[in-house]
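Each remark here refers to the structure printed beneath this line.
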Amino acid sequence: MATRNLVINDPVGIHARPAAMFAQAVTASGQTVTIAKEGGNAVPAGSILSIMGLGIKQGDTV
Numbered sequence: 473m474a475t476r477n478l479v480i481n482d483p484v485g486i487h488a489r490p491a492a493m494f495a496q497a498v499t500a501s502g503q504t505v506t507i508a509k510e511g512g513n514a515v516p517a518g519s520i521l522s523i524m525g526l527g528i529k530q531g532d533t534v
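Following the numbering used here, the numbering of the sequence shown begins with 473 at its first residue and continues without gaps.
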């Protein structure tokens, strides 16, 4: 399983529009992808609501 760690630099974090774009890309890929804040539980990255539920803010590592 491949993993990547990224620091969110956008001042507003991950809000509805980027969450939707990311979820659509994941769904289109046909792959199983999860996303988690550092130290948190992973959620399905194909779900906009799951991504939004993480409350990702600027400076968070995912």
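All C-beta atoms in this analysis are idealised placements derived from N, C-alpha and C, irrespective of residue type, glycine included. Just so we're clear, the structure is a prediction, and the values are computed from it rather than from any experiment.
- Counting along the chain, Gln-530 sits inside no alpha helix (DSSP H), nor does DSSP assign it H or E at all.
- Counting every other CB atom within 10 Å of its CB across the protein chains shown gives Leu-521 a total below 16, marking it as exposed.
- Rounded to whole angstroms, Arg-476 and Val-515 show a C-alpha spacing of 15 Å.
- In this chain, the alpha helix (DSSP H) harbouring Val-498 covers 488-501.
- Under DSSP, no beta-bridge partner is assigned to Pro-483.
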